[in-house]
Amino acid sequence: MLSSFPHVPLRRPDFFFTRLQYASGDWDVDQRMPANLLNSLVEYTTVAIDTEEKIIPLSAPEVLHSPFCYLSGHKLVQFTNKERDNFEKYVRNGGFVFVDDCNHDIDGLFAKSFEAQMAAIFGAHALQKIPNQHELYRSFFEFEKGPPTTSIELNGWGDDLVHDYLKAIEIEGRIAVLYSNKDYGCEW
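Numbering (our numbering), first residue to last: 3 to 190.
In structure tokens:
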């Protein structure tokens, strides 16, 4: 009889991946990226991982409980009032969002509209280039020259430039929004 065995509670995952669904644009790109990233976390860390991607509307209150959020796309980023409020509340209260421009184009629609959204929420100068000497590039793997280059950059997609930087919004000394024009989602 199973009742004679001691009850051992299942360990709740420490980490789950949340893709942010937003009303404008094409939020559901890079379909393989979440699984590839989660597999790497399982391979390289001892963190308890939920290996299933969660898709949560940015307008939903559940987003405020996510340890990691991912936002990507090619098209216009124009948050609704509720999306904007949740994004700001999440970030200002300890949340982390990785944003990936799938166009790989600093003058493209996604880049311009996302950067405008960040300026409207956090101020015109909140989104700053991260220096290549930043601890981000030395906290797990060593990237001595800053962010790793992608094959997308090297093969002439998007603006045909190698972007030697990432951008971030810092809140009280921590990176709260990490922004890439490098299209890491397609690379992973």
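Think of the CB as a built atom: it goes at the ideal place given N, C-alpha and C, for glycine as much as any other residue.
Can you tell me where the alpha helix (DSSP H) holding I108 begins and where it ends? Segment: none, I108 is in no alpha helix (DSSP H) and carries neither H nor E.
Answer with buried or exposed for A126, where buried requires no fewer than 16 other C-beta atoms within 10 angstroms of its C-beta. exposed
Rounded C-alpha distance that separates E144 from H136: Distance between the alpha carbons of E144 and H136: 11 Å.
Rounded C-alpha distance that separates K77 from F98: 22 Å
Less than 8 Å between the C-beta atoms of Q23 and I51, yes or no? no
Three or more C-beta pairs closer than 8 Å, one from the stretch 89 to 109 and one from the stretch 54 to 73: is that the case here? yes
Since P63 is in the beta strand (DSSP E), which residue starts that stretch and which ends it? Neither: P63 is in no beta strand (DSSP E) and is coded neither H nor E.
So, does the stretch 77 to 95 touch the stretch 26 to 34, judging by three or more C-beta pairs under 8 Å? yes
Distance between F17 and N95 (C-alpha atoms, nearest Å): 17 Å
Please classify V44 as buried or exposed, where buried requires at least 16 neighbouring CB atoms within 10 angstroms. exposed
According to DSSP, is F19 part of a helix, a strand, or is it coil? strand
To the nearest angstrom, how far is the alpha carbon of N134 from that of M35? 24 Å
Hey, could you find the ends of the alpha helix (DSSP H) L43 is sitting in? M35 to Y46
Is the beta carbon of I167 sitting closer than 8 Å to the one on K131? Note that residue 167 corresponds to Tyr in the displayed sequence, not to Ile. Yes.
Helix, strand or coil at E85 [DSSP, three-state]: helix
Under three-state DSSP, which class holds M3? Only weak support is given to the placement of M3: the predicted model assigns it a pLDDT of 46, under 50, and the question is left unresolved by the model.
Distance check for T53 and F19, CA to CA, integer angstroms please. 8 Å
In this structure, how does DSSP classify K184 when only helix, strand and coil are distinguished? coil
In the structure shown, what three-state DSSP assignment does S74 receive? Correct three-state label for S74: strand.
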